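Per this note's numbering, the very first residue in the sequence shown carries number 137; after that it's consecutive.
Ideal Cβ positions, reconstructed from N, Cα and C, are used throughout, including at glycine.
These figures come from a predicted structure and were not determined experimentally.
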Amino acid sequence: MTVKFPHTMSLSSTSARELATGPNPYLPAPARILRITELIEETRLFELRFEDPTLAAAFNYRPGQIVELSVLGVGEAPFSLPSSPTRRGTFELGIRRAGVLTGYLFDHIEDGDIVGIRGPLGNGFPIDRFNGANMVLVAGGLGMVPLRGLLHYLVDRRDAFGRLVLVYGSRSPDRILFRDELERLARRGDAEIQLTVDDPGGLQWDGRRGFVTDLIDEIEADPSTTYAVSCGPPVFYKYLLEKLVDAGFNKDRIFLSLERRMECGIGKCGHCAVGYTFTCLHGPVFSYWDAINLPELIYE
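This is the structure we're talking about:
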């Protein structure tokens with residue numbers, strides 16, 4: 137039996153099993169931790185550089201792709217790239233404490249330590265399709281991590297795109313990732329930044345209150361010239377996708393990052409298999425058109 141994939145879905149180049157980090161897809165390349173920055177409670181930004189200067193200079197990826205980070209004797213896990221390929225030499229990972237490996241990274245890894253990196257992996261955002269279009273990025277909670285890489289890419293190539301809007305919702309003001317950075321982008325006019333929180337919880341907050349989906353109606357974007365890109369928890373998608381479709385967006389102009397389903401990154405372990413797709417080969421970025429017939433891909 138021949139399985140046919142939806143017309144907009146294509147296998148990632150990593151399905152050829154040769155990665156930028158080397159011809160053996162199982163073998164990580166050593167990378168040094170340059171800086172660790174506390175973002176919010178239990179979430180940190182790690183800046184890294186490959187030990188091989190040739191690899192460090194040549195390492196390229198698309199916003200939305202991931203890498204696998206490993207520590208010998210501890211484990212390996214996939215992480216989003218919140219940095220942009222337009223800024224070469226180093227790259228960043230956004231990491232939340234959530235298990236054995238991340239606990240080790242938080243408690244034992246320091247600036248200057250060496251870890252293993254495999255990648256880039258997965259299918260990133262179709263940035264060539266986005267050229268010349270208006271862009272609306274919608275992030276919920278930790279979904280800001282993968283979308284930050286795309287945001288930086290769009291800002292660095294600002295003349296190639298039209299209107300750029302980021303709508304970002306968090307539980308409370310102290311949970312907003314990259315808040316100072318986003319406010320700087322807004323002041324410079326690089327992007328329209330709209331932040332909202334569910335509940336200030338007694339903290340100082342002069343901005344919007346309510347769910348991020350409540351702001352979609354206020355964007356007033358032309359769906360025929362705009363792409364919507366989103367990342368967030370399952371409950372976020374449940375309401376966001378309906379809002380975007382009601383606003384007139386075609387399903388092939390809505391893109392989702394489902395990086396939380398990534399596992400080994402090369403389609404071998406089977407943990408990311410959903411129906412006829414492997415998230416690590418066909419994703420983690422999907423158009424809504426590709427994902428609509430696989431609701432379990434979006435909603436856990």
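With a contact defined as Cβ atoms closer than 8 Å, Val333 and Val303 miss out at about 13 Å. Contact between the segment 235 to 242 and the segment 185 to 194 is not established, with fewer than three Cβ pairs separated by less than 8 Å. Taking 7 Å as the cut-off, the beta carbon of Pro199 is found closer than this to the beta carbon of Leu286. By alpha-carbon distance to Val291, the top candidate from Ile329, Thr226, Arg168 and Leu351 is Ile329. When the alpha-carbon of Arg315 is set against those of Thr157, Leu175, Asn386 and Leu163, the nearest one is in Leu175.
For Pro282, there is no enclosing beta strand (DSSP E); the enclosing alpha helix (DSSP H) has its first and last residue at Met280 to Asp292. Pairing Leu181 with Leu278, the inter-Cα distance amounts to about 12 Å. The alpha carbon of Asp388 has as its nearest neighbour, out of Lys379, Ala427, Ile355 and Lys374, the alpha carbon of Ala427. Inter-residue distance for Thr361 and Pro164 is about 41 Å (C-alpha atoms, whole angstroms). Leu380 places its beta carbon less than 7 Å from that of Ala364. In this structure, Val348 sits away from Gly384, with a CB-CB distance that is not shorter than 7 Å. Counting only residues of its own chain and dropping the five nearest sequence neighbours on each side, Val281 has a CB closer than 6 Å to the CB of Ser216, Pro218 and Gly230.
By the beta-carbon neighbour count (other beta carbons within 10 angstroms, threshold 16), Leu376 is buried.
Per DSSP, the unbroken alpha helix (DSSP H) holding Leu191 starts and ends at Pro189 to Ala194. Annotated as proximal: Glu178 and Arg232, with beta-carbon spacing under 7 Å.
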